[in-house]
Structure formats: C-alpha cells, structure tokens
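Numbering (UniProt numbering), first residue to last: 1 to 528. All C-beta atoms in this analysis are idealised placements derived from N, C-alpha and C, irrespective of residue type, glycine included. Structure first, then comments.
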C-alpha cells in the first residue's frame, strides 16, 4: 500500500527566501510522526503545504502526494473535497481558531454540512457523537468558546478535525499554553483516537518531550532541512544530529541539578517581605447569581531579591490572585501590603504603586499594539507616569537591559517584524523602563521554543543579579519552577496548598495535588 502522505523533494520559499529545502518524508496509515524544531525552522510551513494552506507569496516545488494524488496539481474543487475528508488540521491556538460568535456545535457541524458526509437530519447526532469522542458532554454543543476552558476548546478543535473521518490529522502545537494536567489529557485523547481509528497523525511541536509521549517516530527540522528521522526512543535517547541533541537537552528534568540555572537559590540570609497577601479572598458572581470563590484566604509573600513560582492548573485562581496583588482586582476580604503598607485604593496611589510593581503579560503578540513601534511600546509607560529624565536614554537603557542590542536597531520595528522571543523582550523592556522593584510575570515563556525559553529565563535571573529585581512567575510549567525559582507556591481551587523551597516542594511534595502535577509532566528517556 502507498503511504497516506509522501513528500518528495519539497521546497518552499517566500519572496525568494528559502523556508523549506528539499524535504523527503513519508507517513503510513496508523503511524504517528512528531515533527520537531524551533520557531522559524519551517515545520509549520511544511505541514501547511500538505493541504495548500500557504499564503500566495509562497513558492512551492517538489511533490506533495496525499493518498497517491499530487495536491499541487489538484483543482480547487478537488482540493475542497480533500480538505476535512481526507486530511484535516488541528490549528495552533484554539483560543483564537474558534469563531467567538458561533456555538461550538455549529462550528463542528460546518464541515459535516459542507461535505454532505451525513444526512441533514443526522448532523446533530453526529455532533453529539464527536463531542463524546473527545470527552465533552453532548449538551455542551450550545456553548460558546468563551464559556469553555483552554483544554475544552482544544478538544472542540480535535472534534472538528475528526468530523469527516479523515485518514490524516495534522496537529500544530496542540498543547501550547495548556497546563500539564490538561496537556496530559489532550495527548492521551490523541493517542486513543489514533489507536481506535488507525489514523495517521502528524504532530508539530517545539517540545520533544510532548512529541515523544504521543508519537512513535520523530523527525527533526533545522533551518528548513530535515536533519533526523527515526524511532522516538532512539532520537530522544541517542540523537544523531547536534540540533536534535540540543532540543533533547533543552527541556528540564525536575530533580536534575544540571537544570538549576546558575544564580538560583544563592541567598543565605532571610530577606524582608516586599509584597504580601494576607488572608486574601476574592468572590465573583456567576451569570446564574451563584457565588464563586476564586481566591480563598491566601497568605503569600514575595521577598526582596527572590524569584517565587506560583504554579497550578488553569482555573486554580493564579491569575486572579496576581490581578489582586497588582491592584487590578479588589479583594473581597483580607489585605495586600507592599513594603509593609496597605495597597492604595485611590487612582494616584495605585498609579505610583504600579511604577514599583510591573506586569509582564503572557501573550506578547496580544500585549503589544500592532501599530506601535518598539520605541513607542516601551516609552508608553514613561509618558503615562510623566517620568522625568531623557525619554530616549531611558528607552534605550530598558531595551538593552532586556538584551535587545543595539537598541536603536529595534526602535522603528513593528511587532510583526520581530520573533516571539524578541516580542517578549520588548514587553519586559516596557516593564523595566519604570525601574520597578518587582515583576509579576504571567506565563512568560509558555509559547516560546526551547532556546528562546532558556534565554528569557536567564534574563530574569540576570535582572535579579544586576538590579535586585524580585519576580513572581505565574506558571503551569514545573520545569520552569525548577530552572529558576527559589520558592514554589502551589495553588489549587483558590488556595495555597503547598509552599516551600523549590527542592522541598518538587522533590518531596506533601500534597496530593502537587504529586498530580508532577506525575503529569512528560518524561523523556535520555542516554546516560
């Protein structure tokens, strides 16, 4: 039998700039292939070429054979018939891939109606069946995307991909920004569906540990070329190419001292508390009028010259607590103190406070105005606060502190002209420009590849060493906590259920929930 997918000498370039160089790759029925590589290596370009989803500026050569038919030679009608029915895509970022004004049931039904794969009278039953297959209640068909968690939205995307019973599913970073427990659930779901249906799965990620958990075979791309292809265990344990080795070694092993960055846990003396929550409680009202306790009696302090990791699943209350510490959300009970004094409640007081405590948002692409240059983005805080001094000098110093050098090279650039890591550095520079004492960083490396992730974490450590800058990192990534944190606070259902040094919490957890988080972290086998 011919393979479901066969790429022959595939090459793609954009306006003369090569993105993929002469790739040969096959994928058989029932086979699971993980395609790994850093951002910009060409893996998504390669995958999108399978269904001709590349922009018009892309120049493609070579062959893309789907079930023996050359996709490049198909008419639009033939291509329309192939999409969804023969091959489908689970796009990256379920948060943005779903239509916010249509119910999830209507969105799952759309490809079914377009392809006429089920009689009109049976569409609702087929939608219910698909929801159950991805472990969502059938009665959620009437829900809208904003009413679902990140993991639930990702399951809806998988249901849509399965709607017309394709033989090939392409999953592009399907677990990006999901917490470790939900990530494990989604990966388990993909494994089960592939096993039950005999599908071919092409899964794209920059995280080798995620791919090795799901895929039997791994292919590694570097600078547009396929540099390694083999059994997952072999590529993880004994990678042949130096770039494969770099990727395999980039993801931390909790408990391995080699993954504790230099400069972590360097203090012996007990520092003073800089920012403290005292019995903080936050209660909301749901649409039905029921009380929802998002934060329940939290006591937590960020110390001077410390990196504290606040970890927990989505919905645990981490971000609500952070908003309360920033004065963006008033607590229902308890108090927040900064340097021993209660948090101000008036506008002028809060504005002065936020010069000292700055927020680094999770999504740099969403945090930056797409029409503002880098200079404007960083200078905005200075202008809002009427900060004294030479604006250009302060913007330059902030950009260089965030390791964007020379700063003048980046002044006129717009966000879309920057890489993901550069955008995150601009966001950090926008916080540093006001010379704060503390950063609250919400998932600062969630969507970054291994190399850039390490650079940003090293930057946070350097800022502490050079500026005495304390940081509270909100994350679901226990590897990040092991990399750079001095202490770890574990949050579950609005409460801090465990708090201590990183070694104490991650190597000798006392709470069942902490053990659950650690058990959900993907593990990899490396050579001795």
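Notebook entry, point to check: Does the Cβ-Cβ distance between residue 521 and residue 180 come in under 8 Å?
Noted result: As a working note, residue 521 is residue 521 in the chain shown. As a working note, residue 180 is residue 180 in the chain shown. Yes; because the gap between Cβ atoms is below 8 Å, this pair is in contact.
Note to self: Based on DSSP bridge pairs, tell me the residues matched to residue 475.
What the structure shows: Within the chain shown, residue 475 is the residue found at index 475, counting from 1. According to DSSP, which records beta bridges pairwise, residue 475 is partnered with 311.
Notebook entry, point to check: Cβ of residue 391 within 8 Å of Cβ of residue 402?
Noted result: Taking the chain shown and counting its residues from 1, one reaches residue 391 at position 391. Taking the chain shown and counting its residues from 1, one reaches residue 402 at position 402. Going by C-beta atoms, residue 391 is not nearer than 8 Å to residue 402.
Note to self: Could you compute how far the alpha carbon of residue 35 sits from the alpha carbon of residue 78?
What the structure shows: Along the chain shown, read from residue 1 onward, the residue named residue 35 stands at position 35. Along the chain shown, read from residue 1 onward, the residue named residue 78 stands at position 78. CA-CA distance, residue 35 to residue 78, rounds to 27 Å.
Margin query: Among 97, 435, 188, whose alpha-carbon lies nearest the alpha-carbon of residue 150?
Written below: Taking the first residue of the chain shown as 1, we reach residue 150 at position 150. Distance from the Cα of residue 150 is smallest, within the candidate group 97, 435, 188, for 97.
Check: If you check the beta carbons only, do residue 438 and residue 302 fall under 8 Å apart?
Finding: Your numbering for residue 438 matches position 438 in the chain shown. Your numbering for residue 302 matches position 302 in the chain shown. Yes, Cβ-Cβ distance for residue 438 and residue 302 is below 8 Å.
Notebook entry, point to check: Are at least three pairs of beta-carbons, each pair with one atom in the stretch 242 to 262 and one in the stretch 452 to 466, less than 8 Å apart?
Noted result: Contact holds: three or more Cβ-Cβ distances are below 8 Å.
Item checked: Whole-angstrom C-beta distance between residue 4 and residue 223, which should lie under 8 Å -> For the purposes of this step, residue 223 is taken as residue 223 along the chain shown, with counting starting at 1. For the purposes of this step, residue 4 is taken as residue 4 along the chain shown, with counting starting at 1. The beta-carbon separation of residue 223 and residue 4, rounded to 27 Å, does not stay under the 8 Å limit for a contact.
Checklist line | Where residue 74 sits in the DSSP three-state scheme | finding: Position 74 of the chain shown holds residue 74. It is coil, neither helix nor strand.
Note to self: Considering only DSSP beta bridges, list what residue 12 is partnered with.
What the structure shows: Translated into positions along the chain shown, residue 12 becomes position 12. DSSP lists 20, 60 as partners of residue 12.
Check: Quick one: is residue 218 buried, meaning 16 or more other Cβ sit within 10 Å of its Cβ, or exposed?
Finding: By one-based count along the chain shown, residue 218 stands at place 218. Residue 218 is classed as buried because its beta carbon has at least 16 other beta carbons within 10 Å across all chains shown.
Checklist line | Minimum length 3: unbroken beta strand (DSSP E) runs contained in the stretch 282 to 368 | finding: Within the stretch 282 to 368, the complete beta strand (DSSP E) runs of at least 3 residues are 291 to 303, 307 to 311, 333 to 338, 357 to 360.
Notebook entry, point to check: Among residues of its own chain, excluding the 5 on either side of residue 527, which ones have a beta-carbon nearer than 7 Å to its beta-carbon?
Noted result: Counting from one through the chain shown, the residue named residue 527 turns up at place 527. Confidence at residue 527 is low in this model, with a pLDDT of 48, below 50, so the placement of that residue is unreliable and no value is reported for it.
Notebook entry, point to check: Which residues does DSSP pair with residue 230 in a beta bridge?
Noted result: For the purposes of this step, residue 230 is taken as residue 230 along the chain shown, with counting starting at 1. 218, per the DSSP bridge assignment.
Next item on the list: Tell me whether residue 284 is buried or exposed, calling it buried when 16 or more other Cβ atoms sit within 10 Å of its Cβ.
Entry: One-based indexing of the chain shown puts residue 284 at position 284. Exposed is the call here.
Notebook entry, point to check: Can you name the residues that DSSP bridges to residue 492?
Noted result: The residue given as residue 492 occupies position 492 in the chain shown. Looking at the DSSP assignment, residue 492 forms a beta bridge with 495.
Margin query: Tell me the DSSP secondary structure of residue 83 in three-state form.
Written below: The residue labelled residue 83 in the question sits at position 83 within the chain shown. Residue 83 falls in the strand class under three-state DSSP.
Checklist line | Coil, strand or helix - residue 278 by DSSP | finding: Position 278 of the chain shown, counting from 1, holds the residue named residue 278. In the three-state reduction of the DSSP assignment, residue 278 falls in the strand class, which pools E and B.
Note to self: Mapping the DSSP letters down to three states, classify residue 69 as helix, strand or coil.
What the structure shows: Counting from one through the chain shown, the residue named residue 69 turns up at place 69. Looking at residue 69 - three-state DSSP - the assignment turns out to be strand.
Check: In whole angstroms, what separates the C-alpha of residue 190 from that of residue 214?
Finding: Mapped onto the chain shown, residue 190 falls at position 190. Mapped onto the chain shown, residue 214 falls at position 214. It is roughly 8 Å from the alpha-carbon of residue 190 to the alpha-carbon of residue 214.
Margin query: Beta-carbon within less than 7 Å of residue 358's beta-carbon, same chain only, minus the 5 sequence neighbours each way: which residues are those?
Written below: Numbered from its first residue, the chain shown carries residue 358 at position 358. For residue 358, where only same-chain residues beyond five positions count, the Cβ hits under 7 Å are 431, 434, 436, 439.
Notebook entry, point to check: So, is residue 384 buried or exposed, given that buried needs 16 or more other C-beta atoms within 10 angstroms?
Noted result: In the chain shown, the residue the question calls residue 384 occupies position 384. Exposed is the call here.
Notebook entry, point to check: Would the beta-carbon of residue 459 fall within 8 Å of that of residue 261?
Noted result: Position 459 of the chain shown holds residue 459. Position 261 of the chain shown holds residue 261. Between residue 459 and residue 261, the CB-CB gap reaches or exceeds 8 Å.
Next item on the list: Within the same chain, show all residues whose beta-carbon is closer than 6 Å to that of residue 501, passing over the 5 residues directly before and after it, in chain order.
Entry: Along the chain shown, one-based indexing puts residue 501 at 501. Here the set comprises 487.
Next item on the list: Spell out a yes or no on whether the stretch 14 to 21 and the stretch 42 to 52 are touching, meaning 3 or more CB-CB pairs, one atom from each, closer than 8 Å.
Entry: Yes, they touch.
Checklist line | Of the listed residues 329, 172, 518, nearest to residue 345 (C-alpha basis) | finding: Your numbering for residue 345 matches position 345 in the chain shown. The candidate whose alpha carbon is nearest that of residue 345 is 329.
Item checked: Whole-number beta carbon distance between residue 442 and residue 362, since they are thought to touch under 8 Å -> Against the chain shown, residue 362 aligns to sequence position 362. Against the chain shown, residue 442 aligns to sequence position 442. Sure, about 5 Å apart at Cβ, within 8 Å.
Notebook entry, point to check: Can you tell me the Cα-Cα spacing of residue 7 and residue 202, whole angstroms?
Noted result: Locating residue 7 in the chain shown gives position 7, counting from the first residue. Locating residue 202 in the chain shown gives position 202, counting from the first residue. Here the C-alpha atom of residue 7 lies approximately 13 Å from the C-alpha atom of residue 202.
Checklist line | Alpha-carbon spacing of residue 40 relative to residue 228, whole angstroms | finding: Start at 1 with the first residue of the chain shown, and residue 40 comes out as number 40. Start at 1 with the first residue of the chain shown, and residue 228 comes out as number 228. C-alpha separation (whole angstroms): 17 Å.
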